[in-house]
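Working notes for the structure below.
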Amino acid sequence: MPPVKSFFPPLVVAGQPTDLTHLEPFQFVMPTTARPKGAVVDVRFSNHCYSDAYDPERHPDPVDVWDRGQRRAFDQGRYDLSLGLRAAIEALPASNVYHTPEANFVRIVAPGNEALEYRIYFNVRQGGGPVSADVSLFVESAYRPDQRKQVLKPTQMTKVKFALLVDKTVRGEKLRFQYRR
160 MPPVKSFFPP
170 LVVAGQPTDL
180 THLEPFQFVM
190 PTTARPKGAV
200 VDVRFSNHCY
210 SDAYDPERHP
220 DPVDVWDRGQ
230 RRAFDQGRYD
240 LSLGLRAAIE
250 ALPASNVYHT
260 PEANFVRIVA
270 PGNEALEYRI
280 YFNVRQGGGP
290 VSADVSLFVE
300 SAYRPDQRKQ
310 VLKPTQMTKV
320 KFALLVDKTV
330 RGEKLRFQYR
340 R
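If you're matching positions, the sequence shown starts at 160 in our numbering and goes up one per residue.
And the structure:
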């Protein structure tokens, strides 16, 4: 039997192979109004969960990570935080998320240190994709915001229960949002 191919290509950092198996695609099931016995949510991750936009000043000797022809650099801080991503995603059914002006969603968590937030940006779509599922969830990026840059506060975004988001997605209905200015 041939070996199972990893979702992400192998990555060597400081001469050592870097384990990315915690970012392999997975599924979880959650009950919704539309699917009382459970909606299947298929989860996939972007390499932005462990890489940052390449900047020669910040990355003088980078480990390159390529994303659709764009050069990025391995980021140890993002990688370390990504080790808890699966647990944060599995906790979504009981969580609130925020709708961003960019039309995606963000879950804001504080992993072990309440002063530093970790933002997980994702989008959801109805079924489809490479596997059979009711909802496809793609984690676009996950990182701690740069303290020097201004980010939207939760009060500037629209809060929605993740369970409602999944239910509406399963039904093919749009959520209606009122934006705050």
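Just so it is clear, CB atoms sit at the ideal spot from N, CA and C, and this is done for glycine as well. What you are looking at is a predicted structure, and each value in this text was computed from that prediction instead of being measured.
In terms of DSSP beta bridges, what is residue i paired with?
i: THR317; result: HIS258
i: ASN282; result: PHE297
i: SER210; result: PHE233
i: GLN186; result: ASP201
i: VAL224; result: ARG231
i: TYR302; result: ARG278
Suppose you measure from the CA of residue i to the CA of residue j; what does that come to, to the nearest Å?
i: THR180; j: GLN229; result: 23 Å
i: VAL171; j: ARG335; result: 44 Å
i: ALA193; j: ALA173; result: 48 Å
i: CYS208; j: GLU332; result: 29 Å
i: VAL310; j: ILE267; result: 12 Å
i: GLU299; j: TYR280; result: 6 Å
i: LEU240; j: PRO219; result: 22 Å
i: SER205; j: ASP234; result: 14 Å
i: ALA223; j: PRO195; result: Position check: residue 223 holds Asp in this sequence, whereas Ala was assumed. Approximately 44 Å between the Cα atoms of the pair.
i: ARG307; j: ARG237; result: 17 Å
i: LEU275; j: ARG303; result: 7 Å
i: ARG227; j: PHE166; result: 15 Å
i: LEU182; j: ASP214; result: 24 Å
Once you ignore the five residues that flank residue i on each side, which residues in its own chain have a CB closer than 6 Å to its CB?
i: VAL199; result: GLN186, VAL188, ALA292, ASP293
i: PRO121; result: This structure gives no information on residue 121, because the portion of the chain shown stretches from 160 to 340.
i: GLN175; result: none
So, helix, strand or coil for residue i, using DSSP?
i: ARG203; result: strand
i: ALA173; result: coil
i: VAL265; result: strand
i: ALA193; result: coil
i: VAL310; result: coil
Output needed for residue i: all residues of its chain with C-beta closer than 7 Å, excluding positions within five of it in sequence on either side, in chain order.
i: GLU330; result: The sequence as given places Arg at residue 330; Glu does not occur at that position. Around ARG330: ALA193.
i: ASP211; result: ARG231, ALA232, ASP234, ARG237
Once the 5 residues before and after residue i are set aside, which same chain residues still bring their CB inside 8 Å of it?
i: GLN285; result: ASP293, VAL294, SER295, THR328, VAL329, GLY331
i: THR259; result: VAL265, TYR280, LEU311, MET316
**Message:** Whether or not the segment 302-318 and the segment 251-270 are in contact is what I'm after, with contact meaning three or more pairs of Cβ atoms, one per stretch, closer than 8 Å; do they touch?
**Reply:** yes
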